[in-house]
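These notes concern the structure reproduced below.
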Amino acid sequence: MRQQADLRQGSRQALEAGLLALLGEAIRAYFPEPDESHPALWTSLVFQHLRSGIRGGDAIAIGLACQLLVADAMLPFGKLIKSNLARALKQKAPLLSPAQGAMLISVTQRLTALPYAPRELEDYRKLVKTLQSCGMAG
1 MRQQADLRQG
11 SRQALEAGLL
21 ALLGEAIRAY
31 FPEPDESHPA
41 LWTSLVFQHL
51 RSGIRGGDAI
61 AIGLACQLLV
71 ADAMLPFGKL
81 IKSNLARALK
91 QKAPLLSPAQ
101 GAMLISVTQR
111 LTALPYAPRE
121 LEDYRKLVKT
131 LQSCGMAG
């Protein structure tokens, strides 16, 4: 089993570095302006901006959200963040590429096989159901 990136501890700068390492420079476009020094508030604002991008049909935001869900990184309030991203992706499911859909279906299948159900699994399953209704295999 691969090692998860654990971004739950540390300063705002450590979170920024972790997100950049995990998702690349593209995530920087979703960093809050003006800057927020509190790590949890900063993280919340980053993902609020990312969700807004998804809802606006931004292909980069959709790709970053898919990457994050597949990476299964541990974040402050990560289960809620991942659930919220899955809900936003569900609303824009027709915009996902077949490769993105396949990755999300695979992650959901992996989580379903675990002996416990992570909080975000319910929203992942709803996303997969929507992807399948859009014609993506799974």
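Anchor point for the sequence shown: position 15 equals 15 in the UniProt record's numbering, and the numbering is continuous, going up by one each time. We put the beta carbon where it would ideally sit given N, CA and C, even for glycine.
Residue interval of the alpha helix (DSSP H) (run including residue i)
{"i": "L114", "result": "Premise fails: L114 is in no alpha helix (DSSP H) and is neither H nor E."}
{"i": "R51", "result": "39 to 55"}
{"i": "K82", "result": "78 to 91"}
{"i": "L64", "result": "59 to 71"}
{"i": "L96", "result": "Careful: L96 lies outside any alpha helix (DSSP H) and carries neither H nor E."}
{"i": "E16", "result": "12 to 23"}
Proximity test, residue i beta-carbon vs the ligand SAM heavy atom, cut-off 7 Å
{"i": "K82", "result": "In terms of ligand content, the structure shown is empty, and the ligand SAM therefore cannot be addressed."}
Contact check, residue i vs residue j, beta carbons under 8 Å
{"i": "L20", "j": "C66", "result": "no"}
{"i": "E120", "j": "A86", "result": "yes"}
{"i": "S37", "j": "R12", "result": "yes"}
{"i": "W42", "j": "L80", "result": "no"}
{"i": "L96", "j": "L131", "result": "yes"}
{"i": "L22", "j": "I62", "result": "no"}
{"i": "P118", "j": "L127", "result": "no"}
{"i": "R55", "j": "Q91", "result": "yes"}
{"i": "A26", "j": "I60", "result": "yes"}
Buried or exposed by the 16-neighbour rule on C-beta atoms within 10 Å, applied to residue i
{"i": "E122", "result": "exposed"}
{"i": "Q100", "result": "buried"}
{"i": "S83", "result": "buried"}
{"i": "G53", "result": "buried"}
{"i": "A113", "result": "exposed"}
{"i": "A17", "result": "exposed"}
{"i": "P115", "result": "exposed"}
{"i": "P34", "result": "exposed"}
{"i": "P98", "result": "exposed"}
{"i": "G57", "result": "exposed"}
{"i": "G78", "result": "buried"}
Per DSSP, cross-strand counterpart(s) of residue i
{"i": "M136", "result": "M136 pairs with nothing; no bridge assigned."}
{"i": "M103", "result": "Answer is none; M103 lacks a bridge partner."}
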